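Notes to accompany the following structure.
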Amino acid sequence: MLHLALDVNNPHVHDIAVFAVSEHNKEAKEHLTLVNVVVAGVNYKLLLVTKNEKGASARYEAVVWEKEWENFRKLISFKRLLKN
């Protein structure tokens with residue numbers, strides 16, 4: 001498992017925040033400016049193969065937000081993928 005504690009003062013984290021605001025402004029046609037980054041975490045996007053109690057398998061995409069240094073995890077989404 002990958003463990004990352006992100007420093008909100010890290011220049012790379014700041015660059016990611018600037019990118020997020022810039023992309024949002026383009027998509028939403030807004031003019032927001034970044035003031036500061038309050039907290040940073042990691043979103044894990046996972047492709048999972050599961051099976052139910054009857055043995056039927058299915059694929060899912062899960063997104064989990066983690067702030068490892070706070071012992072915090074939250075399931076953001078869990079979507080079944082259609083068979084190809």
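Just so we're aligned, residue 1 is where the sequence shown starts under full-length UniProt numbering, counting upward by one. Using N, Cα and C, we set each Cβ at its ideal position, and we do this for glycine too. Nothing here was measured: the structure is a model prediction, and the numbers come from that model.
Given residue i as reference, the closest of the options once Cα atoms are compared
i: Asn10; options: Gly41, Asn25 and Trp65; result: Gly41
i: Val15; options: Lys26, Leu34, Ala28 and Asn25; result: According to the sequence shown, residue 15 is Asp rather than Val. The option with the nearest alpha carbon to Asp15 is Leu34.
i: Glu61; options: Lys26, Ile76 and His31; result: Ile76
i: Val13; options: Ala56, Asn36 and Ser57; result: Asn36
Spatial neighbours of residue i in its chain, beta-carbon cut-off 8 Å, leaving aside the 5 residues before and after
i: Arg59; result: Leu47, Leu48, Val49, Thr50, Arg80, Leu81 and Lys83
Delimiting residues of the beta strand (DSSP E) encompassing residue i
i: Val64; result: Ser57 to Lys67
i: Asn43; result: Val42 to Lys51
i: Glu75; result: First, the amino acid is wrong: residue 75 is Leu here, not Glu. Phe72 to Arg80 is the span of the beta strand (DSSP E), which, as asked, contains Leu75.
Nearest-angstrom beta carbon gap, residue j and residue i [assumed within contact, 8 Å]
i: Val8; j: Val39; result: 6 Å
Extent of the continuous alpha helix (DSSP H) to which residue i belongs
i: Lys26; result: Pro11 to Ala28
Close Cβ partners of residue i (< 6 Å) along its chain, the five nearest in sequence each way excluded
i: Lys74; result: Trp65
i: Lys67; result: Gly41
Other residues of its chain near residue i: CB distance less than 7 Å, five sequence neighbours each side excluded
i: His31; result: Asn25
i: residue 85; result: The requested residue 85 is not part of the displayed model; the chain covers only 1 to 84.
At least 3 beta-carbon pairs within less than 8 Å: the stretch 16-27 vs the stretch 42-61:
no
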